[in-house]
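To start, the structure itself, in structure tokens.
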Amino acid sequence: MALLEINHLRKSYGQAEVLKNISLDVDRGEVIAIIGKSGSGKSTFLRCLNGLEVASSGDVTLDGVRLIQEEKSLKRLRLKVGMIFQQFNLFPHLSALDNVALGPRVVSGVAREIAQKKAHVMLDKVGLGARVHARPSELSGGQQQRVAIARALAMEPLILLCDEITSALDPELVGEVLAVVKHLAAEGMTLLMVTHEMRFARDVCTRVVFMHAGHIHEVGPPEEIFTAPKTPELRQFLGQ
66 MALLEINHLR KSYGQAEVLK NISLDVDRGE VIAIIGKSGS GKSTFLRCLN GLEVASSGDV
126 TLDGVRLIQE EKSLKRLRLK VGMIFQQFNL FPHLSALDNV ALGPRVVSGV AREIAQKKAH
186 VMLDKVGLGA RVHARPSELS GGQQQRVAIA RALAMEPLIL LCDEITSALD PELVGEVLAV
246 VKHLAAEGMT LLMVTHEMRF ARDVCTRVVF MHAGHIHEVG PPEEIFTAPK TPELRQFLGQ
């Protein structure tokens, strides 16, 4: 059974249908890149998967549990689905350590000492063990994004959603964040990534999903998607 099952997902804002009958199964340990033009529905898709947006119709099942569109179910879902955004959204007055420890303490009720020990481990994992007491203003953009990754990992998610997590970074900082994601993939973390980093998608991901106008237009292994696109829309996108 797939870890994540998405069946006939639709999302509309008034008369505008943003997601149109999306179905996708994600196995444990898969690393899936989601590519496509701006406005194709990629970010909305991810936000529906962790309950930040409520789907208009369709089913999402995670680890055998069907998501019900009500608040208690959504809260349980967010404990199992980590999400990292373009913007880092760190608390500026807290250290890296406290930013990472906050979720386990507040959401899961973990004792402060235990939460901070876990935060130390997660910051080590993303290469920031020496910067645990630094505040966000003392860190580069790449370091702040790595703190955001550590924060998501501290909640021990079953799956991690990444929404263009390098798009707000200077080019020289992109590599350090992608290196962390590559390491997580090698460890077996299940990942869905909206990304414009085509080389990363080709080299690291197990599958690539191309979204166009609210549909999943093509899906397949990277070699197939990048060397033998089946539709003119994907050929045009890759040509750009």
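Counting along the sequence shown from 1, when you hit position 228 you're at 293 in my numbering, and nothing is skipped either side. Glycine included, C-beta positions come from ideal geometry on N, C-alpha and C. Only a predicted model underlies this, so the values are computations on that prediction, with no experimental measurement involved.
Residue i versus the options, residue with shortest Cα-Cα distance
| i | options | result |
| --- | --- | --- |
| residue 327 | 168, 218, 202 | What is shown of the chain runs 66 to 305, which leaves residue 327 out entirely. |
| residue 319 | 265, 223, 122, 279 | Residue 319 falls outside the range modelled here, since the chain spans only 66 to 305, and no answer is possible. |
| residue 264 | 288, 142, 298 | 288 |
| residue 106 | 296, 299, 279, 251 | 279 |
| residue 233 | 257, 224, 205 | 205 |
| residue 220 | 303, 238, 179, 83 | 179 |
| residue 168 | 255, 270, 241, 222 | 222 |
| residue 140 | 152, 173, 177 | 173 |
| residue 142 | 155, 231, 165, 117 | 117 |
Same chain, Cβ closer than 7 Å to residue i, neighbours up to 5 away in sequence not counted
| i | result |
| --- | --- |
| residue 281 | 87, 89, 274 |
| residue 83 | 76, 77, 106, 109, 279 |
CB contact flag (residue i, residue j, <8 Å)
| i | j | result |
| --- | --- | --- |
| residue 253 | residue 101 | no |
| residue 91 | residue 67 | yes |
| residue 227 | residue 258 | yes |
| residue 293 | residue 98 | no |
| residue 256 | residue 245 | no |
| residue 261 | residue 283 | no |
| residue 192 | residue 242 | no |
For residue i, the three-state DSSP class (helix, strand or coil)
| i | result |
| --- | --- |
| residue 163 | helix |
| residue 75 | strand |
| residue 150 | coil |
| residue 277 | strand |
Close-in-space but distant-in-sequence residues of the same chain around residue i (CB under 6 Å, 5 per side omitted)
| i | result |
| --- | --- |
| residue 104 | none |
| residue 77 | 121 |
| residue 70 | 90, 126 |
Own chain partners of residue i with C-beta closer than 8 Å, once the 5 adjacent residues on each side are dropped
| i | result |
| --- | --- |
| residue 286 | 271, 272, 273 |
heavy atom of the ligand COA below 7 Å from residue i C-beta
| i | result |
| --- | --- |
| residue 201 | In terms of ligand content, the structure shown is empty, and the ligand COA therefore cannot be addressed. |
>> Assess contact between the segment 142-151 and the segment 105-123, defined as three or more Cβ pairs (one per stretch) separated by less than 8 Å. Is contact present?
In response: yes
> Touching or not, the segment 198-211 and the segment 159-173, by the rule of three or more beta carbon pairs under 8 Å?
Replying inline: yes
> Is the segment 208-227 close to the segment 168-186, with three or more CB pairs under 8 Å?
Replying inline: yes
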